[in-house]
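So the structure is just underneath, and the comments pick up after that.
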Amino acid sequence: MNRKSFLKKGLLGTGMFAASAALGHVVKNNIDELKELEILGFNHLPVEKSTIMANTILHKAGTRGHANHGWLDSKHTFSFANYYNPDRMHFGVLRVLNDDTVHPGMGFGTHPHDNMEIISIPLSGDLEHKDSMGNVAVIKHGDIQVMSAGTGIQHSEYNKNKDKEVKFLQIWVFPNKKNVTPRYDQITLNTADRHNKLQQILSPSAEDAGVWIHQDAWFHLGHFDTGKKTSYTIKRKGNGVYAFLLKGSMEINGQALEARDGYGIWDTDTIELTATADAEILLMDVPMTIG
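Counting in the numbering used here, the sequence shown runs from 790 upward without gaps.
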């Protein structure tokens, strides 16, 4: 698939592209629904010169896609909207990892999604959510929000504050079950429980810690002091881990990472993490095949 086809058809059977225009304090979106993507590899469409080597992939922070709409500054780890990179389409079922900053009083107008698990992790500020199921909520640092779009949902998100930015991660994961009844959930976690250890924030089970989604995926957050080490055992055979370093510096299996770098690894059972400076990290343990 070339860039022209990407922009014309969209990428996957769930989600949206948004071209934004300010309308009052909220941004109105013109939506193009994403179409089915032919899945040809773990995390990329094949090209003649691939950056995929062995069982790891490194995405340096400065290589991400970047879109600055004035009201929204967004960094895209994987191809999204006008950013298209055939080597960076997805990592297994992890489809979108956007690092968003929304200006005071601005936001995403009402827009649709279907058949996607959508996770929001606020980093600072207050993000207000409204959806077609009647949910109205505000999420802030320490909260985790999840939507199963299923048969279809519409929602809006905007910065509740008029005097400061809101920063958050927006993550999309392919579900393992389509056309489910849409649902919304959010929880508040004790951030002290991730000091020098990994705190589970998401799993496939409503009975487990954190929020749950329709996928065999587990997410963890950790905040580590300089020199601290830990290991992580992959939860399910056939899964890989995509690590996103939020702050500081860290080594994973000897690979040095700096703030906002991403590092994917698969075909392994465990990974070893060492904080080389005070570090905050998100681990996303996800199936490497879609279906």
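For glycine and all other residues, C-beta sits at the position ideal for the given N, C-alpha and C.
**Prompt:** Of the residues 890, 1066, 969, which one's Cα is nearest the Cα of residue 902?
**Reply:** With distances taken between Cα atoms, residue 902 lies closest to 969.
**Item:** Local Cβ density within 10 Å of residue 1061, reported as buried at 16 or more and exposed below that
**Value:** By the 10 Å Cβ count, residue 1061 comes out exposed.
**Request:** Using alpha carbons as the reference points, say which of 941, 880, 973, 989 lies closest to residue 979.
**Result:** Out of 941, 880, 973, 989, 989 has the C-alpha closest to the C-alpha of residue 979.
**Prompt:** Going by other Cβ atoms of all chains shown within 10 Å of its Cβ, with 16 needed for buried, is residue 855 buried or exposed?
**Reply:** Within a 10 Å sphere around the beta-carbon of residue 855 sit fewer than 16 other beta-carbons, which makes this residue exposed.
**Item:** Cβ neighbours of residue 874 in the same chain (closer than 6 Å, five flanking residues each side left out)
**Value:** Closer than 6 Å at the Cβ level, and outside the excluded window around residue 874, lie 868.
**Request:** Determine, using beta carbons only, whether residue 1004 and residue 975 come nearer to each other than 9 Å.
**Result:** Result no, Cβ atoms of residue 1004 and residue 975 do not sit closer than 9 Å.
**Message:** Any contact between the segment 1044-1062 and the segment 905-912? By contact I mean 3 or more CB pairs, one from each, below 8 Å.
**Reply:** They do not touch, by the three-pair rule.
**Message:** Check for me: the beta strand (DSSP E) holding residue 975 runs from which residue to which?
**Reply:** Note, residue 975: beta strand (DSSP E), 972-977.
**Item:** Nearest candidate by alpha-carbon position, reference residue 1047, set 1028, 1067, 1058, 1029
**Value:** Closest by alpha carbon: 1067.
**Message:** Tell me whether the segment 916-929 and the segment 1030-1039 touch, counting them as touching only if at least three CB pairs, one residue from each stretch, are closer than 8 Å.
**Reply:** Output reads no: the segment 1030-1039 does not touch the segment 916-929.
**Message:** Quick check on residue 1012: buried or exposed, where buried means 16 or more other Cβ atoms within 10 Å of its Cβ?
**Reply:** With 16 or more other Cβ atoms within 10 Å, it is buried.
**Message:** Mapping the DSSP letters down to three states, classify residue 1051 as helix, strand or coil.
**Reply:** Taken through DSSP and simplified to helix, strand or coil, residue 1051 comes out as strand.
**Asked** Starting from residue 855 and walking both ways along the beta strand (DSSP E), at which residues does that stretch end?
**Response** For residue 855, the enclosing beta strand (DSSP E) begins and ends at 854-857.
**Prompt:** Measuring CB to CB, does residue 1010 end up less than 9 Å from residue 987?
**Reply:** Their beta carbons are under 9 Å apart, which means residue 1010 touches residue 987 by this criterion.
**Prompt:** What whole-angstrom Cβ distance do residue 947 and residue 896 have, given they're in contact under 8 Å?
**Reply:** Going by Cβ atoms, the distance from residue 947 to residue 896 rounds to 2 Å, so yes, they are a contact pair.
**Boundaries (first-last residue) of the beta strand (DSSP E) holding residue 960** = Per DSSP, the unbroken beta strand (DSSP E) holding residue 960 starts and ends at 955-962.
**Request:** Starting from the C-beta of residue 1024, find all residues in its chain whose C-beta is less than 6 Å away, skip the five residues before and the five after it, and write them out in chain order.
**Result:** These residues qualify, in order along the chain: 1007, 1074.
**Residue from 920, 996, 1019, 985 with nearest C-alpha to residue 751** = In this structure the chain extends from 790 to 1080, so residue 751 is not present and cannot be described.
**Prompt:** What is the DSSP secondary structure of residue 837, reduced to helix, strand or coil?
**Reply:** The predicted position of residue 837 is uncertain, since its pLDDT is 35 and thus under 50; a value taken from the coordinates is nonetheless stated next. Looking at residue 837 - three-state DSSP - the assignment turns out to be coil, as it is neither helix nor strand.
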